[in-house]
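Structure follows, in structure tokens:
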């Protein structure tokens, strides 16, 4: 997480695909808390699940 030239929060890359059992490390350099989604949409059975 960082900001663009106008100061808007961005994630680069904006979309990332992971296979089962792969891991991702996200470094949030901003003060605000941010969320991530799995791309399956509202109502997905893992929506809102905290993972580590």
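Numbering (the working numbering), first residue to last: 1149 to 1200.
Glycine is no exception: its CB is placed at the ideal position from the N, C-alpha and C atoms.
No experiment lies behind these values; they were computed from the predicted model shown.
Rank the options by C-alpha distance to the C-alpha of residue i and give the top, closest one.
{"i": "residue 1151", "options": "1192, 1180, 1191", "result": "1180"}
{"i": "residue 1162", "options": "1190, 1149, 1188, 1193", "result": "1149"}
Is the separation between the beta-carbon of residue i and that of residue j shorter than 7 Å?
{"i": "residue 1172", "j": "residue 1166", "result": "yes"}
Can you find a CB in chain C that lies within less than 7 Å of the CB of residue i?
{"i": "residue 1173", "result": "Going by chain labels, chain C is absent from the structure shown, which holds only one protein chain."}
Under 8 Å Cβ to Cβ from residue i, same chain only, skipping five residues before and after it: list those, please.
{"i": "residue 1213", "result": "Beyond the ends of the chain as shown, which are 1149 and 1200, falls residue 1213; an answer cannot be given."}
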